[in-house]
C-alpha cells in the first residue's frame, strides 16, 4: 500500500481534521471517574496515575524537602520545583553554577 506524503501546511484545515478522524483511537481513561483515582493511604492525597502516587510515596509523603535552591533558602520536595523556582525568581543568575551544585548535592541511592 502506498501513501502520498503531503506537507501539512499545504493541506486545507478540513483535510487535516478528516485525516485525524480516520485514525483508530484508543479509548481514554476517564479522569473524572473517582474510582480511577489512586489515593495515598498515609495522607489521602489523590492522583490520576498510579505512577504519580508511587513517586509521591517515594519522594514526598512524610518527608522533609530535600532539594535546596543554591541562591536562597527555598527548599522543595521535587527537583523540578526548585528548577522552576530558579527560572522564575533568579532568572539573572548563572544557571551553570546551579546545575553543578545540584549535581553534587544529589547523592541519593535508591534501593528497592
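Residue numbers (our numbering): 996 to 1107. Backbone N, C-alpha and C fix where the C-beta goes; we use that ideal spot for every residue, glycine too.
State the Cα-Cα distance for the pair residue 1057 and residue 1072, rounded to the nearest angstrom. Counting from one through the chain shown, the residue named residue 1057 turns up at place 62. Counting from one through the chain shown, the residue named residue 1072 turns up at place 77. When rounded, the distance between both Cα atoms is 10 Å.
Verify whether the separation of the beta carbon atoms of residue 1064 and residue 1051 is less than 8 Å. For the purposes of this step, residue 1064 is identified with residue 69 of the chain shown, where counting begins at 1. For the purposes of this step, residue 1051 is identified with residue 56 of the chain shown, where counting begins at 1. No, these two residues do not count as a Cβ contact at 8 Å.
Quick check: the Cα distance between residue 1084 and residue 1061, rounded to an integer number of angstroms? Taking the chain shown and counting its residues from 1, one reaches residue 1084 at position 89. Taking the chain shown and counting its residues from 1, one reaches residue 1061 at position 66. Cα to Cα, residue 1084 sits roughly 19 Å from residue 1061.
Please state whether DSSP places residue 1052 in a helix, a strand or coil. Residue mapping note: residue 1052 aligns to position 57 of the chain shown, counting from 1. Helix at residue 1052.
How big is the Cα-Cα spacing for residue 1025 and residue 1032? To locate residue 1025, count along the chain shown from 1; it is residue 30. To locate residue 1032, count along the chain shown from 1; it is residue 37. Residue placement at residue 1025 cannot be trusted, given a pLDDT of 49 that sits under 50; what the coordinates show is reported in the next sentence. Those two C-alpha atoms are separated by around 10 Å.
Put residue 1076 into one of helix, strand or coil per three-state DSSP. On the chain shown, residue 1076 is found 81 positions in, with the first residue counted as 1. Of the three classes helix, strand and coil, the one that applies to residue 1076 here is helix, per DSSP.
Kindly indicate which residue of 1077, 1043 and 1066 has the alpha-carbon position closest to the one of residue 1087. Position 92 of the chain shown, counted from the start, is the residue given in the question as residue 1087. Ranking 1077, 1043 and 1066 by Cα distance to residue 1087 puts 1066 first.
Taking 7 Å as the cut-off, is the C-beta of residue 1080 nearer than that to any heavy atom in the ligand MG? In terms of ligand content, the structure shown is empty, and the ligand MG therefore cannot be addressed.
With DSSP collapsed to three states, give me the class of residue 1011. Residue mapping note: residue 1011 aligns to position 16 of the chain shown, counting from 1. Because the pLDDT at residue 1011 is just 49, under 50, the model does not fix this residue reliably, and the value given afterwards should be weighed accordingly. Residue 1011 falls in the helix class under three-state DSSP.
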